[in-house]
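Only one structure is covered here, and it is reproduced in the block below.
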Ligand SMILES: [Zn+2]
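In my numbering, the protein residues as written are 32 to 209.
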């Protein structure tokens, strides 16, 4: 296992639509190595989620912290996800990206989503997610389609450097970084 180097904005991997992982290859050493490295990389970062293109791999895989409690916090793996938003007005909250370091902005997201896919061992997943985790999976799902949070912002005037935001705006709040 290894912490991989995060690619940053400008790397074409972040603008590439990722390929699904063939189901019979999820258990292969190659795919399992990528998943293990993604979990290590997430744990070594300040983020709550990480998508494969953020380490330069164009497969439909992301990992995210499924709960905000625990040490280390539990991480869930999603392979070949499908995401469907539930009805409801979009909610604005603060978001950042491991591939666009140090910046945060207000991003509208669906208040809750249903997420299907395969887990780390190829098992079926069917999850209902809302709040912070719901925001993180929408951010990671976007990465698999070459979309970054700046594309989702409706107004760039909230874009801030993390340090300024933390000292002037956040009031102890945590941005969803993925
Ligand atoms: Zn990101």
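The C-beta atom is built at its ideal place from N, Cα and C for all residues, glycine as well.
(message) Beta-carbon within less than 6 angstroms of residue 87's beta-carbon, same chain only, minus the 5 sequence neighbours each way: which residues are those?
(response) 38, 44
(message) Between 85, 84, 91, which has its C-alpha nearest residue 57's C-alpha?
(response) 91
(message) Residues in the same chain with beta-carbon distance under 7 angstroms from residue 98, minus the five sequence neighbours each way, listed in chain order, please.
(response) 104, 105
(request) Just the C-alpha distance for residue 114 and residue 171, rounded to the nearest angstrom, thanks. (result) 11 angstroms
(request) Please confirm whether residue 161 and residue 189 have their CB atoms less than 9 angstroms apart. (result) no
(message) Run through the DSSP bridge pairs and tell me what residue 157 is partnered with.
(response) 147
(request) Starting from the N-terminal end, write out each residue whose C-beta falls within a distance shorter than 5 angstroms of any non-hydrogen atom of ligand 1. (result) 128, 209
(message) Please give me, in chain order, every unbroken run of the beta strand (DSSP E) with length at least 3 that falls completely inside the stretch 39-79.
(response) none
(message) Short of 7 angstroms in beta carbon distance, which residues of its chain neighbour residue 127, apart from the five on each side in sequence? Order them along the chain.
(response) 134, 135, 193, 206, 208
(message) Buried or exposed for residue 53, going by 16 or more other Cβ atoms inside 10 Å?
(response) exposed
(message) Which residue marks the beginning of the beta strand (DSSP E) containing residue 127, and which one marks its end?
(response) 122-128
(message) Please list the terminal residues of the continuous alpha helix (DSSP H) segment that includes residue 183.
(response) 180-183
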